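First comes the structure, then the notes that go with it.
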Amino acid sequence: MTRFFLGITGASGHAYAEALLRALVAAGHEVDVSVTEAGAKVMRHELGIDAGARGERLGDALPAWIGAQAARSVQAFASDAIDARPSSGTALHGGAVLCPCSMGTLARVSAGFSSNLVERAADVALKEGRKLVLVPRETPLGAIHLENMLRLARLGAVILPAMPGFYHRPRTVEDLVSHVVGKVLDRLGVEHSVSRRWEGTAPFPEDPGT
Ligand SMILES: Cc1cc2nc3c(=O)[nH]c(=O)nc-3n(C[C@H](O)[C@H](O)[C@H](O)COP(=O)(O)O)c2cc1C
Numbered sequence: 025m026t027r028f029f030l031g032i033t034g035a036s037g038h039a040y041a042e043a044l045l046r047a048l049v050a051a052g053h054e055v056d057v058s059v060t061e062a063g064a065k066v067m068r069h070e071l072g073i074d075a076g077a078r079g080e081r082l083g084d085a086l087p088a089w090i091g092a093q094a095a096r097s098v099q100a101f102a103s104d105a106i107d108a109r110p111s112s113g114t115a116l117h118g119g120a121v122l123c124p125c126s127m128g129t130l131a132r133v134s135a136g137f138s139s140n141l142v143e144r145a146a147d148v149a150l151k152e153g154r155k156l157v158l159v160p161r162e163t164p165l166g167a168i169h170l171e172n173m174l175r176l177a178r179l180g181a182v183i184l185p186a187m188p189g190f191y192h193r194p195r196t197v198e199d200l201v202s203h204v205v206g207k208v209l210d211r212l213g214v215e216h217s218v219s220r221r222w223e224g225t226a227p228f229p230e231d232p233g234t
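Numbering (our numbering), first residue to last: 25 to 234.
This is how it looks when you write it as structure tokens:
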């Protein structure tokens, strides 16, 4: 069992966060999770979950969201809980993921602002040389966004855009989400079967006409 940190921000794509949280717990891991203020608004809009203005009610919402048993493996922290476990480099974990990651959080992490728990946890991962995976979602990308991503990539962060491929022939939104989540899990070193692995151009079994 390993503990991971999941920071959820105000970018669109909270379905990715949900699928990632479920997959980490299903793989037998624990997750510390925090949602930014903007993230709490987007979460309400996209998932219908009321996490409170600063994510202070996210813990209460977990059992109904991901199931009571899975919720036992997750600890939620308000975004202003800067004294919480993920804010310290002494708290070991297997990696921090910001998913989805807004351009605002990306900019602040690249500049070392640490103005909330999500940014601080990312800053700690960088300074401690631990895995940091950022899942940005924005389009089109401006020069500032690209420069911030390059800066973070050079510092060792993994920039893994919410940019699903189509070569696995997705049929559902879940298929698209799983493709991105599988990539995140790979970078965290978590074994999974949420997405299919490419085995060459041989047709998939369910190909039409085969
Ligand atoms: C419904 C909704 C969707 C948004 N989608 C994105 C997005 O995909 N990417 C992004 O960078 N910002 C997006 N934003 C804007 C961010 O929420 C905003 O910049 C916020 O200040 C980010 O704060 P945070 O980084 O602390 O979470 C969205 C806002 C709303 C309300």
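Glycine is no exception: its CB is placed at the ideal position from the N, C-alpha and C atoms.
Computed from a predicted model, the values in this text were never measured in an experiment.
Going by the DSSP bridge assignment, what does V15 pair with across the sheet?
A query on residue 15 cannot be resolved here, the shown segment of the chain reaching from 25 to 234 and no further.
Any idea if M67 is buried or exposed, counting beta-carbon neighbours within 10 angstroms, 16 or more meaning buried?
For the purposes of this step, residue 67 is taken as residue 43 along the sequence shown, with counting starting at 1. Classification of M67: buried, given that the 10 Å Cβ count is 16 or more.
Quick one: what's A43 bridged to in DSSP?
Taking the sequence shown and counting its residues from 1, one reaches residue 43 at position 19. A43 pairs with nothing; no bridge assigned.
Closer than 6 Å: V66 CB and nearest ligand 1 heavy atom:
By 1-based counting over the sequence shown, the position of residue 66 is 42. Under cutoff, so the answer is yes.
Span of the beta strand (DSSP E) around P160
Your numbering for residue 160 matches position 136 in the sequence shown. From DSSP, the beta strand (DSSP E) with P160 extends over L156 to P160.
Identity of the residues DSSP links to R27 by a beta bridge
Taking the sequence shown and counting its residues from 1, the one referred to as residue 27 is at position 3. Answer is E54.
Per DSSP, Q99 forms a beta bridge with which residues?
In the sequence shown, residue 99 corresponds to position 75, counting from 1. In DSSP, Q99 forms a bridge with D56.
For V121, write down the residues that DSSP places opposite it in a beta bridge.
In the sequence shown, the residue the question calls residue 121 occupies position 97. Answer is L30 and V157.
If you compare alpha carbons, which of G34, S138 and L176 is closest to D107?
Residue mapping note: residue 107 aligns to position 83 of the sequence shown, counting from 1. Selected option, being the one with the closest Cα: S138.
Note down, in chain order, each residue of its chain lying with its Cβ closer than 7 Å to the Cβ of E152, except the 5 sequence neighbours on either side.
Counting from 1 along the sequence shown, the entry for residue 152 is found at position 128. Around E152: G113.
Identified DSSP bridge partners for V182
As a working mapping, residue 182 is identified with position 158 in the sequence shown. BP columns for V182 point to V157.
Just how far apart, CA to CA, sit G180 and L174?
Within the sequence shown, numbered from 1, the residue matching residue 180 stands at position 156. Within the sequence shown, numbered from 1, the residue matching residue 174 stands at position 150. C-alpha separation (whole angstroms): 10 Å.
6 Å CB neighbourhood of S202 in its chain, flanking five on each side removed:
Here residue 202 is taken as the residue at index 178 of the sequence shown, counted from 1. Counting only Cβ-Cβ distances below 6 Å, and skipping sequence neighbours, we find V218 and S219.
In three-state DSSP terms, what is P87?
Here residue 87 is taken as the residue at index 63 of the sequence shown, counted from 1. Note: P87 maps to helix in three-state DSSP.
How many whole angstroms separate the CB atoms of A62 and S126, which I take to be in contact at a CB cut-off of 8 Å?
The residue labelled residue 62 in the question sits at position 38 within the sequence shown. The residue labelled residue 126 in the question sits at position 102 within the sequence shown. Contact holds; Cβ gap of about 7 Å.
If distances are taken between C-alpha atoms only, which option among R144, Y191 and L176 comes closest to E223?
The residue you call residue 223 lines up with position 199 of the sequence shown. Of R144, Y191 and L176, the residue nearest in Cα terms is Y191.
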